[in-house]
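Chemist: According to the working numbering, the sequence shown is numbered sequentially starting from 426. Quick reminder that beta carbons are idealized off the backbone N, C-alpha and C, glycines included.
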Amino acid sequence: MDTQHQLTQTHTFLHLNENTRKFIFIICVTLCLTPFVSPAIALLLGLAVAQLSGHPYLHLNHKATHLLLQVSVVGLGFGMNVHSAMQAGKEGVLFTIASISSTLVFGFLIGKWLKIETKTSYLISNGTAICGGSAIAAISPVIKAEEKQISVALGCVFILNSIALFVFPVVGHYFNLSQTQFGLWCAIAIHDTSSVVGAASKYGAHALEVATTVKLARALWIVPIAFLSTFLFKNQSKKVAIPYFIGLFILAMIANTYMPVVKLISPYMVMIAKAGLTLTLFLIGAGLSRQVLASVGFKPLVQGVVLWILISVSALYAILHLV
């Protein structure tokens with residue numbers, strides 16, 4: 426099932442014909458592939474398109490963002506070093522375990538308190554705890570979630586991702602976080618990999634390396650959590666989607682570290698990957714129509730916001746005092 430297909434835009438501020446909408450969309454896509462558009466601006470541009478003219482290819486949006494994100498993350502691996510990445514992974518492992526387990530527990534409690542439908546609450550909690558839309562997409566078939574439940578969880582996560590992209594760098598500079606601290610905080614407290622990379626890249630090259638490595642290590646938790654979900658929701662029939670692209674990311678990182686020939690092309694691969702991630706954020710923004718925003722509802726959004734604030738503040742406190 427295409428979880429983005431049900432988020433179809435039918436109401437926009439500008440009533441344009443199909444060809445004009447496609448022309449505007451293609452111009453925006455082209456701009457996002459240039460160095461002049463930052464990840465944050467790309468997201469804003471996407472949001473503007475969603476509200477004003479609409480996404481003419483919305484039925485393809487979920488698959489496009491999913492594939493583009495994975496390819497771009499692999500490309501980022503060509504700009505990283507195995508030894509520094511391993512160090513970043515060691516620093517992040519305890520934070521990862523503590524934050525995932527506590528987020529899932531608090532998410533369950535908040536969902537019960539607000540009386541949110543169980544599967545919707547569970548998807549929001551997993552999206553917050555692990556890696557946003559990717560976790561929701563992987564776990565939803567395992568628990569047999571309905572389209573409405575998936576769209577509510579995705580909408581909630583993407584709204585908060587959009588806010589994080591702008592808020593986190595400001596907070597990081599306010600507290601004078603080092604690049605290591607900021608990269609670690611991004612990886613723990615921002616839902617989607619695309620927004621993690623977007624925020625960290627604004628902060629610095631080392632912040633980007635730490636954030637990407639820790640976030641991808643965190644994404645591997647999709648597998649055990651998905652298996653656990655089959656027992657919690659008594660569904661043994663569904664296969665678990667394993668994020669194989671993380672293995673390609675590791676291979677790219679190894680090649681960049683140990684193969685001198687690869688180092689010659691690495692800067693170009695990284696440049697293409699960053700353009701791909703900027704375009705991914707544009708596509709995510711373009712998918713956030715008024716219908717998507719309205720479909721989330723008050724209580725699920727409250728759960729998402731409270732859970733996000735809890736993990737962000739507690740992770741920031743821990744990083745300030747422990748890293």
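Would you report the Cα separation of L477 and L602, rounded to the nearest angstrom?
Modeler: Answer to the nearest angstrom: the Cα atoms are 37 angstroms apart.
Chemist: Which residues in the same chain have their Cβ closer than 7 angstroms to the Cβ of W733, if we skip the five residues on either side of it in sequence?
Modeler: Hits under 7 angstroms: T553 and L585.
Chemist: Buried or exposed for M678, going by 16 or more other Cβ atoms inside 10 Å?
Modeler: Buried is the call here.
Chemist: Beta-carbon within less than 8 angstroms of V518's beta-carbon, same chain only, minus the 5 sequence neighbours each way: which residues are those?
Modeler: Cβ within range, chain order: A642.
Chemist: Taking the alpha-carbon positions, what's the P481 to R446 distance?
Modeler: C-alpha separation (whole angstroms): 6 angstroms.
Chemist: So, with DSSP's three-state summary, where would you put E542?
Modeler: Coil, per DSSP.
Chemist: Do you know how far the Cα of A465 is from the Cα of F438?
Modeler: Looking at the two C-alpha atoms, the distance is approximately 22 angstroms.
Chemist: Give the secondary structure of S720 by DSSP, where H, G and I count as helix, E and B as strand, and everything else as coil.
Modeler: In this structure, S720 counts as helix in the three-state DSSP scheme.
Chemist: Taking 8 angstroms as the cut-off, does the segment 448 to 468 touch the segment 680 to 695 (at least 3 CB pairs, one atom from each stretch)?
Modeler: Flag = no, the segment 680 to 695 and the segment 448 to 468 do not touch.
Chemist: Are A612 and V639 touching if we call contact CB-CB under 8 angstroms?
Modeler: In contact: A612 and V639 (Cβ atoms closer than 8 angstroms).
Chemist: Take V499 as the anchor and find which of G701, L735 and L708 has the nearest alpha-carbon.
Modeler: Selected option, being the one with the closest Cα: G701.
Chemist: Over what stretch of residues does the alpha helix (DSSP H) that includes F450 continue unbroken?
Modeler: Its alpha helix (DSSP H) spans residues E443 to C457.
Chemist: Which of the three DSSP states, helix, strand or coil, is assigned to L470?
Modeler: Of the three classes helix, strand and coil, the one that applies to L470 here is helix, per DSSP.
Chemist: Can you tell me whether I744 is buried or exposed? The criterion is at least 16 other CB atoms within 10 Å of its CB, across all chains shown.
Modeler: Buried, because 16 or more other Cβ atoms sit within 10 Å of the Cβ of I744.
Chemist: Our contact map puts L493 next to L676 with C-beta atoms below 8 angstroms; I'd like the distance itself, whole angstroms only.
Modeler: No, L493 and L676 are not in contact; Cβ-Cβ is about 19 angstroms, not under 8 angstroms.
Chemist: Should T750 go down as buried or exposed, given a rule of 16 or more other Cβ atoms within 10 Å for buried?
Modeler: Past the boundaries of the shown model lies residue 750; the chain is included only from 426 to 748, so the question cannot be answered.
Chemist: Considering only the beta carbon of each residue, do I525 and W646 sit closer than 8 angstroms?
Modeler: It is a contact, given that the beta carbons lie within the stated cut-off.
Chemist: Note down the Cα distance separating P668 from G471, rounded to an integer number of angstroms.
Modeler: Cα-Cα distance, rounded: 26 angstroms.
Chemist: Mind checking which residues open and close the alpha helix (DSSP H) that includes P420?
Modeler: There is no way to answer for residue 420, as the model of the chain reaches only from 426 to 748.
Chemist: What first and last residue would you give for the alpha helix (DSSP H) that runs through K488?
Modeler: First-last of the alpha helix (DSSP H) with K488: N486 to L501.
Chemist: From which residue to which residue does the alpha helix (DSSP H) around T682 run?
Modeler: F670 to Y683 is the span of the alpha helix (DSSP H), which, as asked, contains T682.
Chemist: Would you kindly work out how many angstroms separate the C-alpha atoms of S714 and V595, rounded to a whole number?
Modeler: The straight-line gap from Cα to Cα measures roughly 26 angstroms.
Chemist: Measure the C-alpha to C-alpha separation of V577 and A625 and round it to an integer number of angstroms.
Modeler: Taking the straight line from one Cα to the other gives about 27 angstroms.
Chemist: Please report the straight-line C-alpha distance between F607 and L735, rounded to a whole angstrom.
Modeler: Using only the alpha carbons, I get a separation of about 17 angstroms.
Chemist: Between which two residues does the alpha helix (DSSP H) harbouring V462 extend?
Modeler: Looking at the DSSP string, V462 is not in any alpha helix (DSSP H), and its letter there is neither H nor E.
Chemist: Measuring alpha carbon to alpha carbon, tell me which residue in T490, A719 and I449 is nearest G558.
Modeler: Selected option, being the one with the closest Cα: T490.
Chemist: Beta carbon of Q728, beta carbon of L456: below 8 angstroms?
Modeler: No.
Chemist: Applying the criterion that 16 or more other CB atoms from any shown protein chain within 10 Å of the CB defines a buried residue, is G672 buried or exposed?
Modeler: Classification of G672: exposed, given that the 10 Å Cβ count is below 16.
Chemist: Rounded to a whole number of angstroms, what is the C-alpha to C-alpha distance between F656 and A570?
Modeler: Using only the alpha carbons, I get a separation of about 15 angstroms.
Chemist: Which residues in the same chain have their Cβ closer than 7 angstroms to the Cβ of G722, if we skip the five residues on either side of it in sequence?
Modeler: Excluding residues within five positions, the ones whose Cβ falls inside 7 angstroms are V577.
Chemist: So, helix, strand or coil for P481, using DSSP?
Modeler: Three-state result, P481: coil.
Chemist: What separation, rounded to the nearest whole angstrom, lies between the Cα atoms of M426 and H487?
Modeler: Confidence at M426 is low in this model, with a pLDDT of 38, below 50, so its placement is unreliable and the value that follows should be read with caution. When rounded, the distance between both Cα atoms is 10 angstroms.
Chemist: Note down the Cα distance separating H616 from K659, rounded to an integer number of angstroms.
Modeler: Rounded to the nearest angstrom, the two C-alpha atoms are 27 angstroms apart.
Chemist: With distance defined between alpha-carbon atoms, name the residue in S737, G710, L747 and V730 nearest to A473.
Modeler: Answer by Cα proximity: G710.
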